[in-house]
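Peer 1:
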Amino acid sequence: MWRGNPLSRPRRIILLYHAVGEGPWAIPRKEFAQQMEWLAREARPISLVRALEGESEKKLEIAISFDDGYASVFEHALPVIKTNGLSAAVFVNTAWIGEEERTASDQTLGHYPGEAFLLWRELDALLDRGWVLGSHGEHHLQHWRESDSIVWRELVASKKRLETLTPGDCVHFAYTWGRSTARLRQLVAKAGYRWGLAAVHGPVCRRSDPFAVPRINIDRGYSLDDFKAIVRGDWDYLRFIQNWRGAQS
42 MWRGNPLSRP
52 RRIILLYHAV
62 GEGPWAIPRK
72 EFAQQMEWLA
82 REARPISLVR
92 ALEGESEKKL
102 EIAISFDDGY
112 ASVFEHALPV
122 IKTNGLSAAV
132 FVNTAWIGEE
142 ERTASDQTLG
152 HYPGEAFLLW
162 RELDALLDRG
172 WVLGSHGEHH
182 LQHWRESDSI
192 VWRELVASKK
202 RLETLTPGDC
212 VHFAYTWGRS
222 TARLRQLVAK
232 AGYRWGLAAV
242 HGPVCRRSDP
252 FAVPRINIDR
262 GYSLDDFKAI
272 VRGDWDYLRF
282 IQNWRGAQS
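Residue numbering for the sequence shown follows my numbering, beginning at 42 and increasing consecutively.
Next comes the structure, spelled out in structure tokens:
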């Protein structure tokens with residue numbers, strides 16, 4: 042894989058994860074720990090809130106996020122993140138979060154196979170540890186294909202449910218599959234969110250659309266060298282391929 046020059050100017054990115062652990066699509070905990078240890082040494086870890094506001098002050102600033110809301114975030118990712126002095130954000134499908142019993146994932150709906158979802162009390166515990174909680178909609182729908190009425194219900198209902206936990210307004214939304222359209226971005230803004238997070242390779246900068254914020258997805262198959270190259274920006278060219286395939290339209 043092509044690798045560019047070492048960082049010569051400030052760079053701020055948001056990494057996107059889903060599951061950590063033993064699931065068939067999950068990043069093994071050992072590999073996740075290696076990634077977090079490297080970030081703690083080589084980068085300035087920042088919160089999602091900080092990542093979305095202001096310009097980068099250091100050569101490399103990193104925020105961490107998780108989509109869907111799998112239990113492995115609490116069981117496997119949290120201990121690693123805590124050990125390395127980091128924090129993160131989690132975007133959840135509120136209809137899948139359980140009260141006392143976990144809901145199993147359903148691959149036919151776009152979930153990661155072999156996973157189960159978080160419980161509400163676990164989300165509360167993540168908030169207590171300084172994590173940011175955001176909406177991923179009620180269900181894991183392809184929102185860009187749904188009618189305005191369905192999307193509106195997804196946006197409003199999930200926001201209202203999350204605000205029973207958060208001390209203030211829920212202002213962060215992450216698009217399912219990381220994909221958005223102009224119509225969807227307008228609905229997210231109208232529903233009262235301040236930020237819409239996508240899944241397109243690239244840094245967060247002053248010119249970033251607040252409703253199409255880039256995040257870099259980290260897959261199971263990446264080696265540690267791949268991970269370092271992605272963080273440095275060597276793979277940012279992938280955003281052109283992603284947009285050509287319709288990640289944002």
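A virtual CB, placed ideally from N, CA and C, is assigned to each residue, including glycine.
Would the beta-carbon of Arg202 fall within 8 Å of that of Thr144?
Peer 2: No, Cβ-Cβ distance for Arg202 and Thr144 is not below 8 Å.
Peer 1: Report yes if the C-beta distance between Ser128 and Gly171 is below 8 Å; otherwise report no.
Peer 2: Yes, Cβ-Cβ distance for Ser128 and Gly171 is below 8 Å.
Peer 1: Taking only the alpha-carbon atoms, compute the straight-line gap between Leu93 and Ile55 and give it to the nearest angstrom.
Peer 2: Taking the straight line joining both Cα atoms gives about 9 Å.
Peer 1: Can you list, in chain order, the residues of its chain with a C-beta nearer than 8 Å to that of Glu141? Leave out the 5 residues immediately preceding and following it.
Peer 2: Leu160, listed in sequence order.
Peer 1: Among Pro244, Asn258, Lys269, Asp266, whose alpha-carbon lies nearest the alpha-carbon of Gly95?
Peer 2: Out of Pro244, Asn258, Lys269, Asp266, Pro244 has the C-alpha closest to the C-alpha of Gly95.
Peer 1: Could you compute how far the alpha carbon of Ile164 sits from the alpha carbon of Val192?
Peer 2: It should be noted that the sequence gives Leu, not Ile, for residue 164. Rounded to whole angstroms, Leu164 to Val192 spans 24 Å at the Cα level.
Peer 1: Confirm, please, whether the CB-CB distance from Lys200 to Ser176 is below 8 Å.
Peer 2: Closer than 8 Å, so yes.
Peer 1: Of all the alpha helix (DSSP H) runs that stay within the bounds of the region 126-170, which reach a length of 4 or more residues?
Peer 2: Counting only runs of 4 or more, we get 161-169.
Peer 1: What is the DSSP secondary structure of Met42, counted as helix, strand or coil?
Peer 2: At Met42, the pLDDT of 41 sits below 50, so the modelled position is not reliable; the number obtained from the coordinates is stated separately. Residue state, collapsed to three classes: coil.
Peer 1: Of the residues Glu98, Asp250, Ala67, which one's Cα is nearest the Cα of Ala157?
Peer 2: With distances taken between Cα atoms, Ala157 lies closest to Ala67.
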